[in-house]
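So for the sequence shown, UniProt numbering puts the first residue at 1; every next one is plus one.
As structure tokens, the structure follows; a few thoughts come after it.
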Amino acid sequence: MQIEDLRIYVAVIKAGNFTAAAEQLMLSKQYVSRRIAALEESLGARLLNRNTRKLSVTDNGQLFSQHAQRILDDVQEAELAVSGRRQVLQGSFRLSVPMSFGISHLSPFIAEFLSLHPGLQFQVELADRHVDMVGEGFDMAIRIGTLPDSSLIAKRLGEFRRVICGSPSYLQGAGAPRTPEELSEHLCLRYGRESQTGWELFNGDQRKVISVHGPMVSNNGEMLRDAAVAGLGLILLPEFIVAPALASGELVTVLEEWQPTSLHLNALYPQHRQRSEINRVFMAFLQQKLA
Numbered sequence: 001m002q003i004e005d006l007r008i009y010v011a012v013i014k015a016g017n018f019t020a021a022a023e024q025l026m027l028s029k030q031y032v033s034r035r036i037a038a039l040e041e042s043l044g045a046r047l048l049n050r051n052t053r054k055l056s057v058t059d060n061g062q063l064f065s066q067h068a069q070r071i072l073d074d075v076q077e078a079e080l081a082v083s084g085r086r087q088v089l090q091g092s093f094r095l096s097v098p099m100s101f102g103i104s105h106l107s108p109f110i111a112e113f114l115s116l117h118p119g120l121q122f123q124v125e126l127a128d129r130h131v132d133m134v135g136e137g138f139d140m141a142i143r144i145g146t147l148p149d150s151s152l153i154a155k156r157l158g159e160f161r162r163v164i165c166g167s168p169s170y171l172q173g174a175g176a177p178r179t180p181e182e183l184s185e186h187l188c189l190r191y192g193r194e195s196q197t198g199w200e201l202f203n204g205d206q207r208k209v210i211s212v213h214g215p216m217v218s219n220n221g222e223m224l225r226d227a228a229v230a231g232l233g234l235i236l237l238p239e240f241i242v243a244p245a246l247a248s249g250e251l252v253t254v255l256e257e258w259q260p261t262s263l264h265l266n267a268l269y270p271q272h273r274q275r276s277e278i279n280r281v282f283m284a285f286l287q288q289k290l291a
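Written as structure tokens, this is what we have:
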């Protein structure tokens with residue numbers, strides 16, 4: 001087993017297939033396939049399941065990928081420590097970010113970070129889904145809201161206030177709700193799981209959960225915002241999504257004394273990436289920018 005074999009294997013895991021990994025490494029697909037086969041033979045275990053359409057990672061393969069990445073991280077740390085190039089970051093970095101927040105806030109920060117570190121290559125996926133960090137080869141994910149229990153490491157980057165609002169035309173016709181209970185009489189455009197759990201509101205020590213209904217459920221805040229601007233109902237969304245519409249008067253806040261809980265912004269990464277120099281520098285950069 002050689003370090004180069006580990007690099008090839010990790011590249012295949014992150015790319016998802018031999019062809020893409022070979023292109024990234026500037027190697028032939030046949031050579032990559034032979035090295036993976038030799039690696040499996042030396043370990044006496046199958047790491048990847050191959051078929052004509054896709055590549056999947058076995059349980060042994062996932063376990064081995066964590067150890068392989070840790071070894072590669074240690075090698076990189078050693079090289080940087082000896083060469084004195086600690087801030088000269090090089091390598092690939094796979095990042096998952098929420099769709100709306102990624103476009104509206106993170107996009108310019110990522111571009112600035114890459115301009116500061118031209119030796120990096122970022123692969124950014126814009127998606128609101130919970131990705132499989134290890135299985136899909138992500139180095140970091142930025143997530144907003146409550147985090148599910150997992151073995152991932154989470155670092156707080158900030159938080160966002162949420163508001164309830166609607167268009168002037170909708171409020172003129174339906175009237176503005178004066179109490180949380182009146183929300184059940186309104187058309188409410190719901191984000192994701194709120195269609196099952198309702199809207200949770202706080203006023204000091206008072207807490208109320210209101211079941212709401214309406215013509216739309218979506219996992220994209222910008223779509224719900226546009227529907228609210230069109231007069232289809234009330235929305236409960238992070239302020240960063242609705243701020244331009246509030247400033248222009250296209251939306252108006254209601255029930256301001258009853259506040260939804262703020263949403264936490266977190267960076268998630270696998271345990272084997274906690275000593276990664278790229279992770280550390282990028283995390284510090286985001287914390288500074290989002291402060």
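Virtual Cβ for every residue (Gly too), placed ideally from N, Cα, C.
Every value quoted in this text rests on a predicted model; they were computed, and no experiment measured them.
Same chain, Cβ closer than 7 Å to residue i, five either side skipped, listed in chain order
{"i": "Glu222", "result": "Ser100 and Ile241"}
{"i": "Ala262", "result": "Looking at the sequence provided, one finds Ser at residue 262 rather than Ala. The answer, listed in chain order, is Glu159, Phe160, Arg161 and Arg162."}
Contact set for residue i: own chain, Cβ-Cβ below 6 Å, skip 5 residues either direction
{"i": "Ile278", "result": "Leu89 and Phe93"}
{"i": "Leu237", "result": "Gly221"}
{"i": "Ser33", "result": "Phe18"}
{"i": "Asp5", "result": "Arg35 and Leu39"}
{"i": "Leu183", "result": "Pro177, Ile210 and Val212"}
Assigned secondary structure, residue i (DSSP; H/G/I helix, E/B strand, else coil)
{"i": "Ser33", "result": "helix"}
{"i": "Pro244", "result": "helix"}
{"i": "Ala284", "result": "helix"}
{"i": "Gly249", "result": "coil"}
{"i": "Gly233", "result": "coil"}
{"i": "Arg94", "result": "strand"}
{"i": "His264", "result": "strand"}
{"i": "Ser184", "result": "helix"}
{"i": "Pro270", "result": "coil"}
{"i": "Ser65", "result": "helix"}
{"i": "Ser169", "result": "helix"}
{"i": "Val254", "result": "strand"}
{"i": "Val88", "result": "coil"}
Beta-carbon proximity list for residue i, same chain, < 8 Å, skipping 5 on both sides
{"i": "Glu181", "result": "Lys208 and Ile210"}
{"i": "Ser167", "result": "Ala228, Val229, Ala230, Gly231, Glu250, Leu251 and Val252"}
Rounded C-alpha distance that separates residue i from residue j
{"i": "Asp73", "j": "Cys165", "result": "47 Å"}
{"i": "Asn17", "j": "Leu55", "result": "6 Å"}
{"i": "Pro118", "j": "Pro108", "result": "15 Å"}
{"i": "Ser42", "j": "Asp59", "result": "17 Å"}
{"i": "Leu265", "j": "Arg70", "result": "26 Å"}
{"i": "Glu200", "j": "Ser169", "result": "25 Å"}
{"i": "Gly175", "j": "Thr146", "result": "32 Å"}
{"i": "Gly44", "j": "Ser115", "result": "43 Å"}
{"i": "Lys29", "j": "Gln62", "result": "22 Å"}
{"i": "Leu187", "j": "Ile103", "result": "28 Å"}
{"i": "Val212", "j": "Gly249", "result": "24 Å"}
{"i": "Arg50", "j": "Pro98", "result": "31 Å"}
{"i": "Asp205", "j": "Ala20", "result": "55 Å"}
{"i": "Met1", "j": "Ala228", "result": "58 Å"}
{"i": "Gly192", "j": "Val217", "result": "6 Å"}
{"i": "Pro260", "j": "Ala22", "result": "49 Å"}
{"i": "Gln76", "j": "His105", "result": "31 Å"}
{"i": "Ala243", "j": "Ile142", "result": "21 Å"}
{"i": "Ala11", "j": "Leu25", "result": "8 Å"}
{"i": "Ala37", "j": "Ala15", "result": "17 Å"}
{"i": "Leu27", "j": "Asp226", "result": "47 Å"}
Beta carbon of residue i nearer than 7 Å to that of residue j
{"i": "Arg190", "j": "Glu239", "result": "no"}
{"i": "Asn219", "j": "Asp132", "result": "no"}
{"i": "Leu255", "j": "Ala154", "result": "no"}
{"i": "Phe285", "j": "Phe113", "result": "yes"}
{"i": "Arg7", "j": "Asp139", "result": "no"}
{"i": "Tyr9", "j": "Ala68", "result": "yes"}
{"i": "Ile13", "j": "Gly91", "result": "no"}
{"i": "Gly198", "j": "Gly214", "result": "no"}
{"i": "Glu125", "j": "Asn203", "result": "no"}
{"i": "residue 367", "j": "Gln287", "result": "No answer is possible for residue 367: the residues shown for the chain start at 1 and end at 291."}
{"i": "Val57", "j": "Pro270", "result": "no"}
{"i": "Ile235", "j": "Leu224", "result": "yes"}
{"i": "Phe64", "j": "Leu47", "result": "yes"}
Short CB-CB distance (under 7 Å) between residue i and chain C
{"i": "Asp74", "result": "This model lacks chain C altogether, as it is built from one protein chain only."}
Residue i: CB within 6 Å of a non-hydrogen atom of the ligand COA
{"i": "Ile153", "result": "The ligand COA is not among the ligands present in this structure, which contains no ligands whatsoever."}
Taking the runs of the alpha helix (DSSP H) that are 4 residues or longer, which of them lie wholly in the segment 99-161? 107-116
Every unbroken beta strand (DSSP E) within the segment 189-214, with a cutoff of 3 residues, ordered by chain: 199-203 and 206-210
Scan the UniProt domain "HTH lysR-type" (1-58) and note each continuous alpha helix (DSSP H) run of 4 residues or more that stays entirely inside, going in chain order. 3-15, 18-25 and 29-43
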